[in-house]
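Visitor: Numbering (my numbering), first residue to last: 5 to 304.
Even glycine gets a Cβ: it sits at the ideal position worked out from N, Cα and C.
Would you mind keeping the following structure in view while I ask a few things?
Here is the structure:
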């Protein structure tokens, strides 16, 4: 261990010299990592945004339970408790028929004001179930219909369930693509370093013949991979750090409609940028280590 620590400065200098000596190979490796990380960063922002959109939309999903006019206050409280206890259900709020009519007038205009008045109001008292899990919207609706004192239940129909499934699939697919891009970055680094090692096999053979430990041979390549990974992550990291806040300000934080609200840039952009640099360093080191270990084919 002491020998390893003492050798670290020399290995770092050796890695820098090797990069300068084989600049074209190192540049192609950095470019490969940069492209993969740029796609990964873009997919990360997209996947996180879709996740945010999905949460915003799901938070708007509610089940409206209209009550029979004969339901008493005690029966309404029992219904509230039963609805709250259902799987996937959250807070349950009560709205009188007058409040429902006022909201209808506010949303659709004064044309509905003709129904104002105790005798002319055709609406019913409503219990609104806010969902903790939007996937349970159909289940909650079916169970609510079976309760005594319920006149009708509405939640938007099967289209709402399809929207939830589409966004959930998009969210999952986005994160899978991010993982694929990270694996691609590791693979490209490994291939680039293997090409680099092939051009320096005579140097490695001499080191092996004089009895150099495997860690003494592999560590400079790992440092070289770290440096290549850093330079490969530099452009994607800076683009995320500066580009996403600029895009957020340009769109005023909203994409198309208020339903699609973007993630605030801070600290989101900083976290993504830090992740890009971390992945760049990790893929550079890991790709180099895998390439060297496989190339040596034997261990001391």
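CA-CA distance, residue 166 and residue 173?
Guide: By one-based count along the chain shown, residue 166 stands at place 162. By one-based count along the chain shown, residue 173 stands at place 169. Each residue's alpha carbon lies about 10 angstroms from the other.
Visitor: Tell me whether residue 235 is buried or exposed, calling it buried when 16 or more other Cβ atoms sit within 10 Å of its Cβ.
Guide: Against the chain shown, residue 235 aligns to sequence position 231. With 16 or more other Cβ atoms within 10 Å, it is buried.
Visitor: Alpha helix (DSSP H) containing residue 54: first to last residue?
Guide: For the purposes of this step, residue 54 is identified with residue 50 of the chain shown, where counting begins at 1. Per DSSP, residue 54 belongs to the alpha helix (DSSP H) from 27 to 64.
Visitor: Mind checking which residues open and close the alpha helix (DSSP H) that includes residue 239?
Guide: Translated into positions along the chain shown, residue 239 becomes position 235. Here the alpha helix (DSSP H) through residue 239 covers 218 to 254.
Visitor: For residue 36 versus residue 230, is the C-beta distance shorter than 8 angstroms?
Guide: In the chain shown, the residue the question calls residue 36 occupies position 32. In the chain shown, the residue the question calls residue 230 occupies position 226. No. Outside cutoff.
Visitor: Counting Cβ pairs, one atom from each stretch, are 3 or more of them under 8 angstroms apart for the stretch 57 to 66 and the stretch 127 to 141?
Guide: Because the criterion of three Cβ pairs below 8 angstroms is met, the stretch 57 to 66 and the stretch 127 to 141 touch.
Visitor: Compute the distance between the beta-carbons of residue 71 and residue 128, then report whether it is under 8 angstroms.
Guide: Locating residue 71 in the chain shown gives position 67, counting from the first residue. Locating residue 128 in the chain shown gives position 124, counting from the first residue. Cβ distance < 8 angstroms, so residue 71 and residue 128 count as in contact.
Visitor: Exposed or buried, which one is residue 24 when buried takes at least 16 other CB atoms within 10 Å?
Guide: One-based indexing of the chain shown puts residue 24 at position 20. Flag for residue 24 reads exposed.
Visitor: When you compare only the Cα positions, how much space is there between residue 40 and residue 207?
Guide: Position 36 of the chain shown holds residue 40. Position 203 of the chain shown holds residue 207. Straight-line Cα distance between these residues: approximately 30 angstroms.
Visitor: Between residue 44 and residue 238, what straight-line distance do the alpha-carbon atoms span, to the nearest angstrom?
Guide: Within the chain shown, numbered from 1, the residue matching residue 44 stands at position 40. Within the chain shown, numbered from 1, the residue matching residue 238 stands at position 234. Each residue's alpha carbon lies about 14 angstroms from the other.
Visitor: Please identify the residue among 124, 47, 130 whose C-alpha is closest to the C-alpha of residue 309.
Guide: With the chain covering only 5 through 304, there is no way to say anything about residue 309.
Visitor: Around the C-beta of residue 232, are 16 or more other C-beta atoms found within 10 angstroms, so that it is buried, or is it exposed?
Guide: For the purposes of this step, residue 232 is taken as residue 228 along the chain shown, with counting starting at 1. Per the 10 Å Cβ criterion, buried.
Visitor: Just confirm the distance between the C-beta atoms of residue 66 and residue 171, as a whole number of angstroms; I'd bet it's less than 8 angstroms.
Guide: Here residue 66 refers to the residue found at position 62 when the chain shown is read from its first residue. Here residue 171 refers to the residue found at position 167 when the chain shown is read from its first residue. Rounded, the Cβ-Cβ distance is 17 angstroms, inconsistent with contact.
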